[in-house]
């Protein structure tokens, strides 16, 4: 027997990039399931890793019984063809037994094998959970539904929306609680932040009414996921027009270990499916004192095009000016200074190269090697060669593995995205990236 | 029977804006209770939501027995007229049984009904608590005092100062512990950060000796309050001259859900009583790349007066320059760019308008509506009309309710501030704001 | 009997500035213990507060049995002369019983009194711990080793590397768990962050592959140390060339109460031994709107040398310009403005002065006094006298004590650094700093 450790992920997917919600029933349409039907046809980069027919906030309260029927109908008809996981969100509230019972009835109904949807469903999403005892009430309903319908105990995944201080605290107890014989909390799959309701629950106020960034919540969600073998997903980004802002939020999330995010539109799905994957080509950055700007890759040279940084050759050295602060430097000092100011964003190809190189060295008995990266930096027509050395040891290698593991998880579970990945990286890089580390 | 949920606030006040401390006995004065007597006469915006006769740090150790007597005397005499709650702070320390016993004796003494103060007192503040077992020791003394003096068990509110890592951790246990039959921790009311002693307990050092900002502590206090139905209050802001800094701290706190703050002077009380209330008039902000600056409201136009952003009309479009970075844009692109750069701070009137509009739509069966806000932005004499659409659904409505709920709580509990509120907002807005959402 | 409180530190050292690791066995060298032997000879500012012969990540897996022997040999030979504590790191992993058993065998072996090393060893460092039950497994092995070798139960200190979300959460349980009769967790000494493996465990990604800053982890480690009477130490700073970056990280850590840091080279040890000690001379800072810059101390005057801030005398007042924003001010307004813009970094001498002054006032019965600090600020040849008043009370005094307590801990435990401290501060300041507060 191999004991499961909580640090292993418990479900098919080890990574979820995208959590896409769709209203289950829209009033006033001839076909109230129209949006659901449309979303069920998504494929490729427009299809999320997890599709969430949303029978809670996205659907009017009066339409939710009809919404439950729509889920059954559309998933039974189109679920077979859908390329990834389906986890409907049902109603729940830590403070309302009426709402909890309604949620239970919807799960019981949707999961009825006679209706033909359950074989295409992977689990359900429970919003508005409170403390850990509230999570256990939901888990118990899953167990009853499984027993009632002859499904394996624990086979339905349960994901929760973290949208209260109580739920944030509960994430600290999961690791302890998940092993107990009186529950089946091993069914837990995703921890999803819900910042709108969280803001209400925390009674936060901002002058413009914008949501606070809640960095501590996102850290704690990522940590809870790490400690209990779950997957952390950030909440919705409301300003759909603002693609740049959505990307910045994802970069910030990724540095916290939160690699998934809610998507409200297929356009956001495409962005969020791509964001945690390494870029197709590498690029150099220069810190101009206020921000990191991309250098223009002109073949052999990386050219700075801004005007905050300037560089001049004098008879016996250089004058480097950053935002008005001048420094007189000799060539070595200038090189040192530029090393501090520059950084390289590696491509998938670069990452796989480095990993292969480390693996070869390790196989030959070397525990740490220096990875060199060289470039010619050009500022105001003055060209300087720089080269960085970074030591790679086993820990560096393991940490660099995260985006590659994510890629491999996508590749294994999303054949509908193989063409897109080949277009992005080229067949040869895709092949090497699927092999490395195994 | 309606079960209480922890998410409901347990006391009369659901919000506390201001926590104002006064020394209880000052040596060398003819009347050692002079400051206490003076503070007991505060009314209106100068009177705090919670007044704290401070028999701990603000009062010399040798004067604390006299301070306890002064509290009794002044509160018995003037408590009836005092417009809000009174919670004296007594001595306590997690590491000193002597101090804890002294604190118990002071509560027992001050709460004696024969002395006439207790009917005007709402509870006591316990500083320097440690882990949850230490909180229980204080709670037990409250219970004994209540029993000894024939008061209802749990009727005295207990608030604590969070000024140790142990107390910060204890806030994660409150929700679990508050329901137990062996304590009366439901008496808990405010969680108040005490950053000076917390800094000492954490052994933090800053070069200038200034206090660290402790964002994680404030988050955890707000979360602890949210999870246990309590009220979060920030610690003292020492630099009394620095009104701007005090306001910035409050804005930062509000975004964390910490709506109350310590006040050291009646001037700070006025600032802190106003800060979480929506402004009397709205205003537009423009992000100039380094900060958000107020636009000058000239009736129909919102005029930018700075020099970091400039705008020029060319024959076939516009040139927008932000801190030296120029962009050539057509009219639609310019409008899009300005939408990203601007934000609107709604007034109380605006907020009530939006809420009423959403309520009307909801009553008519619509779950989400677009709220439009239009303006003419003027930069370098070039005027551009912009209009934002923001979707409001039930969750947006609920989150927007927080400042209005705070206003309603103030209005209900602080009749002495009715005139100030009418002066600020006008009678009609006050009336609508007290009605909305009910 | 005096009960121990968890807020007291449990071991000889109350502060650890430096945690210096050395590989225990290097392949391909004639003497595989060469680095260990060399490090064992460090003295003075190059010698760390805690030396960690590293039989885990710094040493190749195949060399670790030999590494354990090298530790025994080198420590038996040179441990007597080593000026501070020695805590070897052995192997451990929450997910591998094989690794845990190997770690146990290494401790059992190294601690054998017949081999002569244990009398110079203070404890062991356990990496890769998980939840609290995993910590207890390690503690149990320490107890068995102590019993087996006739050492006092609990006499070997245990320190852990926090490099998983599970371990981060476990720090919240320490205070509760440390008192239990079934463990000897009071042996815990240091909580050391390990950001490389933590980043892997959290599955975080950054574009350049740099480590995230993990502010919440560092806060939680410092808090865990505070609540359980332990010492918080930050992880390695990989970019050894970047002295400025290392210093900035330490300043950031110190504001969190994390006063120790990993050092990878003797050069980093020197930096990190000095960083938390107050400077030898004070200096004035001016906030130029983007950052705080040092003023040039020219005897009686503090001169600003930058060009973002300018000051001009007009007939009837002054024009102060900060980054292009001009203000017309009279003399009082200018003084007020400069007070807001300036700050003073006190020297050790200044701190001791202030503490002595407060102690004298307190002995004379005064609870709070104003500390004045005056300077003449010169901008563009215009000189203005300013004076700040800061109120000191008992809490201010206690918080100011932290760097002095650290100094006293160093002075008591590191006689090998007495000369360096005297060179830095002068004998008289050293003497007063060792006396103050006692």
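Protein chains in written order, with full-length UniProt numbering: chain W, 1 to 438; chain Y, 1 to 438; chain X, 1 to 438. Even for Gly, the Cβ is constructed at its ideal location relative to N, Cα and C. Small disclaimer: the values here were computed from a predicted structure and weren't measured.
Are any of the Cβ atoms in chain Y nearer than 8 Å to that of residue i?
i	result
residue 347 of chain X	no
residue 137 of chain X	no
residue 408 of chain X	no
residue 403 of chain X	yes
residue 164 of chain W	yes
residue 340 of chain X	yes
residue 172 of chain X	yes
For residue i, collect the residues of the same chain with a Cβ closer than 6 Å to its Cβ; drop the 5 residues on either side in sequence, then sort them by chain order.
i	result
residue 401 of chain X	437
residue 58 of chain Y	21 and 23
residue 257 of chain W	222
residue 323 of chain Y	289 and 308
Helix, strand or coil for residue i? Go by DSSP, reduced to three states.
i	result
residue 346 of chain X	coil
residue 104 of chain W	helix
residue 310 of chain X	strand
residue 407 of chain Y	helix
residue 304 of chain X	coil
residue 425 of chain Y	helix
residue 436 of chain X	coil
residue 280 of chain X	coil
residue 328 of chain Y	strand
residue 196 of chain Y	helix
residue 358 of chain W	helix
Please confirm if residue i has its CB atom under 8 Å from at least one CB of chain X.
i	result
residue 256 of chain W	yes
residue 101 of chain W	no
residue 264 of chain Y	no
Can you check whether the C-beta of residue i is within less than 8 Å of a C-beta belonging to chain W?
i	result
residue 453 of chain X	This structure cannot speak to residue 453 of chain X, because chain X is shown only from 1 to 438.
residue 196 of chain X	yes
residue 97 of chain Y	no
residue 32 of chain X	no
residue 285 of chain X	no
residue 251 of chain Y	yes
Rounding to the nearest angstrom, what Cα-Cα distance links residue i and residue j in this structure?
i	j	result
residue 149 of chain W	residue 115 of chain W	11 Å
residue 106 of chain X	residue 234 of chain X	25 Å
residue 404 of chain Y	residue 159 of chain Y	25 Å
residue 134 of chain Y	residue 82 of chain Y	32 Å
residue 131 of chain W	residue 373 of chain X	51 Å
residue 310 of chain W	residue 305 of chain Y	30 Å
residue 399 of chain X	residue 370 of chain Y	52 Å
residue 102 of chain Y	residue 177 of chain X	30 Å
Can you tell me where the alpha helix (DSSP H) with residue i in it begins and where it stops?
i	result
residue 222 of chain W	215-228
residue 135 of chain Y	132-148
residue 169 of chain Y	165-170
Here's a check: name, in chain order, each residue in its chain whose Cβ is nearer than 7 Å to the Cβ of residue i, leaving out the five neighbours to either side.
i	result
residue 338 of chain Y	377, 384 and 386
residue 72 of chain Y	110, 115 and 117
residue 157 of chain W	11, 87, 122, 123, 187 and 189
residue 265 of chain Y	240
On the DSSP letters alone, give me the boundaries of the beta strand (DSSP E) that residue i sits inside.
i	result
residue 18 of chain Y	18-23
residue 372 of chain W	369-379
residue 388 of chain Y	382-392
residue 159 of chain X	157-162
residue 298 of chain Y	296-298
- Using a Cβ-Cβ cut-off of less than 9 Å, list which residues of the segment 201-216 of chain X approach chain A; keep chain order. Note that chain A does not occur in the displayed structure, where the protein chains are W, Y and X.
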